[in-house]
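Using numbering that gives the first Met the number 0, the first residue of the sequence shown is number 0, and each one after it goes up by one.
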Amino acid sequence: MAWVGYKWGMYKIFKRDPVLASALPETRLWSQTNLWSMLDLYGTVILKPSAGSRGSGIIQVTQKAKEHFEIHWLSQKRLVTGKKAAYAMLQKLTHPSYLIQQRIPLAEISERPMDIRVIVQRRNKNAPWTVTGCVAKVAGKGYIVTNVTRSQGSVLPVRQAIAKSTAKQVPTEKVIKHLMDCSLLATKRLSVYSPQCTVLGYDMGVDHRGKVWIIEVNGKPILSHFLKLKDKSMYRKIISYGYNPQFTKKVK
C-alpha cells in the first residue's frame, strides 16, 4: 500500500468532530474509481499531494461533458476527451499519495480566488491557544492556487479582502469570527495528538456565501505573507511567541 501523507491523517481526525466535519471539503484517496465518483458528485475536484505545501502539485479537474475534461495546473489548461486519456494524463502529473478533494467555490476578488492564512500559537505546551495572525492570499490571474510566489498572487488584510470579494454580502466580522473559532477548535483537536506543538498554520477557505472551510493545515507555516503587508504588527506578534521558522526577517 502506498504511503499517505499527513493531510489524510488530519482529515480523519477532523472528520470525527461534528462541528469540524461540516467545514471539511469531502476528501478521498487517489484512485481511478474515486476520481470518477467525485467528478460525478461535484463536477470539479482538486487533486493535491497529501504531503505537499505552498501550492505545489495542485491540479483542478472539471468534467465539461460526459467524456470531456478540463485539466488545469499552474496557469496551464488542457481539454482532454475520454476517461482513458484523462486518467493517463493525470497519472503523469500525480503520484500514489495524492488526494482527491471537493472543489470549494472560493470567494473571489476580480475573478481571482482567495483564501485565508491563519496562524494559531501558544507560548508553551501548557499555555492557551490564540490566533496571532491572519492574512488573505489572492491567486494570480489564471491560477487556481493562492500561493503568492507560485501563482504570482498578492496579499491583503483580511477585512479589506472580504469587503472586496464576492462574499461581501456577509458581515465581515461574522466571517472573521468563524475563521478564528474554527481554527482554534481544529487546533485543540490536533494538540491532543501532538501535545508539544506550539504553532499551526491554516489555509482556510471562505466561499461566496461566507461559509468557512478548512483547506489545509501546516505544522511549520512560513511567514513571508505577513511581511508583504504594510502593517508588520502581526508578524512581530507571531515571532514574539518564540516561533522561529526557516524564513525569518527582522522588521522595525
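Note that beta-carbon positions come from the ideal geometry of N, C-alpha and C, so glycine has one too.
In this structure, A20 keeps its C-beta atom at 8 Å or more from the C-beta atom of K11. Just measuring C-alpha positions, the residue of K82, I58 and A85 sitting nearest Q75 is I58. Across the set E110, D114, Y240 and K231, the C-alpha of D114 shows the shortest separation from the C-alpha of G209. Per DSSP, C181 lies in no beta strand (DSSP E) segment; the continuous alpha helix (DSSP H) that holds it begins and ends at T171 to Y192. Residue pairing of E66 in beta bridges, as defined by DSSP: absent, with no partner found.
For the options R116, L155 and A84, the alpha carbon positioned closest to that of E69 is the one of A84. For D16, the closest of K187, Q31, Q195 and L178 by C-alpha to C-alpha distance is K187.
Between the alpha carbons of P127 and H71 lies a gap of roughly 41 Å. Rounded to the nearest whole angstrom, the C-alpha separation of S36 and H177 is 31 Å.
Here H224 carries a helix assignment [DSSP, helix/strand/coil]. For V18, the closest C-alpha among the options G139, R158, A185 and V130 is that of A185.
Counting along the chain, N217 sits inside the beta strand (DSSP E) bounded by residues V211 to N217. Assignment of beta-bridge partners to I115 by DSSP yields A135 and M203.
Among the bridge pairs identified by DSSP, H94 is matched with none. Taking the C-beta atoms as reference points, L228 is found nearer than 8 Å to V134.
Checking the DSSP bridge columns, you'll see W35 has no partner listed. With fewer than 16 other Cβ atoms inside 10 Å of its own Cβ, K65 counts as exposed. Note on geometry: alpha-carbon atoms of Q120 and A138 lie some 26 Å from one another.
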